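To start, the structure under review is shown below, and the notes come after it.
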Amino acid sequence: MGTTRLLSLATVLAAVLLLTGGCASRPAVPPEEPVKAAPAGPRYAAELEPYEEAVDLACAYFQFAWGKSAELGGRYDEARYAYQQALLCDRKAVHVMRRLAMLLLQQQEREQAIYWVRRIIAIDPTDLAARSLLAKLYTALDDPDRAAAVYQEILTLDPGNANAMLMLAVIYGSSDRRQEAREILEQLVADQPAYFLGHYYLARLYHDLGLIEQALGAYERALELNWSAPLAQELAAIYEAAGLYEDSLALLRRMVAKNPADERARSLLADLYLRLERVEEALAELTALRPYSRDVDRVDLTMARILLDEQRYEEAVVLLQGLLADEPRLDAVRSLLVLAYYRLGKIDLARNLLEEIRPGDYGYEEAVLMLARIYHGSGQPVAAEAVLERALADSQHRYLSFYVTLALLHIEWHDAGQGLAIFQRALQDLGPEPEVYFEYAVYLDRVGDSEGALAKMQEVIALDPHDPYALNYVGYTWADRGENLELAREYIEEAVRLKPDDGAIRDSLGWVYYRLGKYQRAMEELELAVQLLEDDPVIHDHLGDAYRRLGYVAEALAAYRRALALLPPNGDPELREQIELKIKELTAERNG
């Protein structure tokens, strides 16, 4: 007999039973339960008082079986209706309520699911599975307080319930009650030393609390109880963050030993070797990875990059030539091969490869710039200019860097005026964009036109009031001149807000405070600037000025001497002379 016919007969039989009174259908009396009323819909026997309905187990069984069949067939609305009918037949059918709650949860109707789970608990307060489900539903509704309360009720009924302890600790650990979470988890693993999840969540909590030694112990115990590659990887990262590099390496090697085809473990191992400057071991690990990798070209490309960084150009060329032979259109490979040839002095080979890169190819912008530099470096300025002009003639693939490079080349060719004309072309071709004005300003500053540079940077700010570098340039220029100091401070403070870890911008803030006569604040900002950019002689010079104003003679002398030591031999002679004079004056003051 076919499934469709069986279900049709079941539907007809259900209708007959309902018509002949097989299940109660009398209007229901509103419940006097403390439980929140169910959402709108038919009344169920589970809501009724004992005197209101008789129980028809045959009816309940039939409707439940119908619901299960419908649910298995993916007819969820039909299943829901059948379960509801079953509850008209047996008001205490907990198994039906549980099934209905799970179905409602699957349909994302969590509030109604909660109602039925609470009904189960009202019938049997010791049903821990129902209470656990209720807590999970509250968690899904982003109501951790109610979820925690339910887990506490479970622990009142069953003080050693591991799942309830774990979940309560997870909730507390996600709030400001992390110390309570710690106490619960520590008690849990003390009571159940072999409980993996207890050790794992305790490890993560210790880590979040900054208790690294305890975290490592808990992670190690968790890994001992249940080895898994993701957990081992997590622990290896924590070892590394704690500076325990050998432990991290040992664990990664153990992962590889357990599964030689673990590409992720081998990659992490090679990466850590590389960051520890153990290049040969990194390359050996990548070589060992090749037979297992799904992307051998990517491995070879990584090895080639490492070899280039190590200036092992001949070895890099061998790898890159092999990659290019396999796939001639690998533009990233071509770009690296160009670099290798260039470093080896094989200019013709580099130039030939660059000429093959077409507009729209990966690395096109870099290829044009490198080709221009190659021609310029080999004493062929006309060819260098032709490369850039040819690129600029293609309106679909113009880059600001082409204009900037061409203008800078004109400076080297002692024709700075032509560079100005090139930036005017950039404004015409690319439009009055902030980036164009910014590069124009930098160019003007480089050729000594500080007024023009200041004006162009103000154009940048007019177009983009939150460009930190333009704000810093204008603010510092004003501060250095002693002009517009309050507005300069506002500009630089905004730049610091946008780039708080930029030492040069922080120096500007200290300098504008110095110009405003706020020497204590200037010193604080300049000390921070030195921490961020410790090898800049100008910042040390500024800090020396602030110390000097505050009467800290020894500190000022130390700052000036540090600035002098950091100045390159061919550095700014005027700055060197100024610093030497300050040292001489301060030394005389101290000795006098």
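Residues -24 to -1, 1 to 568, numbered by mature numbering (1 follows the signal peptide of the UniProt record, and there is no 0), are exactly what the sequence shown covers, in order.
Note that beta-carbon positions come from the ideal geometry of N, C-alpha and C, so glycine has one too.
Note that the structure is a prediction, hence the values are computed from the model and not measured.
Quick one: residues in its chain with C-beta nearer than 7 Å to the C-beta of residue i, no 5 flanking neighbours on either side, listed in chain order?
i, result
"residue 182", "190, 191 and 194"
"residue 269", "239 and 275"
"residue 130", "104, 107, 108, 137 and 140"
"residue 123", "111, 114, 115 and 147"
"residue 360", "348, 351, 352 and 385"
"residue 214", "183, 191, 192 and 195"
"residue 570", "Residue 570 cannot be examined here, being either before or after the span of the chain that is shown, -24 to 568."
Among the options, which one has its Cα closest to the Cα of residue i?
i, options, result
"residue 255", "281, 236 and 468", "281"
"residue 40", "49, 318 and 65", "65"
"residue 69", "48, 51, 85 and 100", "100"
"residue 54", "80, 74 and 34", "80"
"residue 162", "82, 478 and 178", "178"
"residue 63", "84, 334, 110 and 95", "95"
"residue 263", "251, 252 and 242", "242"
"residue 373", "483, 342 and 386", "342"
"residue 512", "480, 561 and 294", "480"
"residue 442", "460, 424 and 410", "410"
"residue 408", "449, 188, 298 and 437", "437"
"residue 347", "376, 371, 382 and 370", "382"
"residue 370", "350, 336 and 388", "336"
"residue 532", "231, 542 and 521", "521"
"residue 527", "551, 557, 503 and 566", "566"
"residue 228", "245, 221 and 58", "245"
"residue 308", "340, 367 and 90", "340"
"residue 277", "313, 267 and 252", "313"
"residue 201", "230, 217 and 170", "170"
"residue 473", "226, 458, 448 and 174", "448"
"residue 362", "465, 344, 404 and 86", "344"
"residue 355", "389, 379 and 326", "389"
"residue 334", "462, 397, 145 and 367", "367"
"residue 172", "419, 207 and 488", "207"
"residue 226", "212, 165 and 462", "212"
For the alpha helix (DSSP H) containing residue i, list its first residue and its last residue.
i, result
"residue 49", "No alpha helix (DSSP H) holds residue 49; DSSP gives it neither H nor E."
"residue 507", "495 to 508"
"residue 352", "340 to 353"
"residue 203", "First-last for residue 203: undefined, no H or E at that position."
"residue 532", "529 to 542"
"residue 521", "513 to 525"
"residue 137", "Element bounds for residue 137: n/a, residue is neither H nor E."
"residue 388", "376 to 388"
"residue 432", "426 to 439"
"residue 561", "549 to 567"
"residue 356", "Counting along the chain, residue 356 falls outside any alpha helix (DSSP H), and DSSP gives it neither H nor E."
"residue 583", "What the structure shows of the chain is the stretch from -24 to 568, and residue 583 is not part of that stretch, so it cannot be assessed."
"residue 484", "479 to 491"
Give every residue of the same chain whose Cβ lies closer than 6 Å to the Cβ of residue i, excluding the five residues on either side of it in the sequence, and list them in chain order.
i, result
"residue 417", "429, 432 and 433"
"residue 559", "536"
"residue 36", "62, 65, 66 and 69"
"residue 292", "280, 283, 284 and 316"
"residue 185", "none"
"residue 572", "Outside the displayed range of the chain (-24 to 568) lies residue 572, so it cannot be described from this structure."
"residue 579", "Coverage of the chain is limited to positions -24 through 568, which leaves residue 579 absent and any answer about it impossible."
"residue 470", "447"
"residue 378", "364, 367 and 368"
"residue 3", "With a pLDDT of only 34 at residue 3, under 50, the local geometry of the prediction cannot be trusted, and the value read off the model is given with reservation. No residues qualify anywhere along the chain."
Taking only heavy atoms of the ligand MN into account, decide whether any of them is closer than 8 Å to the Cβ of residue i.
i, result
"residue 539", "Because no ligand of any kind appears in the structure shown, any question about the ligand MN cannot be addressed here."
Which residues in the same chain have their Cβ closer than 8 Å to the Cβ of residue i, if we skip the five residues on either side of it in sequence?
i, result
"residue 332", "310"
"residue 329", "310, 313, 314 and 317"
"residue 97", "103, 106, 107 and 110"
"residue 86", "80, 113, 116 and 117"
"residue 83", "52 and 56"
Please report whether the beta-carbon of residue i lies at a distance below 9 Å from any beta-carbon of chain D.
i, result
"residue 227", "Here there is only one protein chain, and chain D is not present."
Fully enclosed by the stretch 48 to 123, which alpha helix (DSSP H) runs are 4 residues long or longer?
Note on the stretch 48 to 123: whole alpha helix (DSSP H) runs with a minimum of 4 residues are 52 to 65, 70 to 82, 86 to 99 and 104 to 116, in chain order.
With a floor of 4 residues, list each alpha helix (DSSP H) that falls wholly inside the stretch 258 to 317, ordered by position along the chain.
272 to 285 and 289 to 302
Could you pull out every unbroken alpha helix (DSSP H) segment of at least 4 residues lying fully inside the stretch 157 to 240, listed in chain order?
Annotation note: the stretch 157 to 240 contains the following uninterrupted alpha helix (DSSP H) runs of length 4 or greater, listed N- to C-terminal: 172 to 184, 188 to 201, 205 to 217 and 221 to 234.
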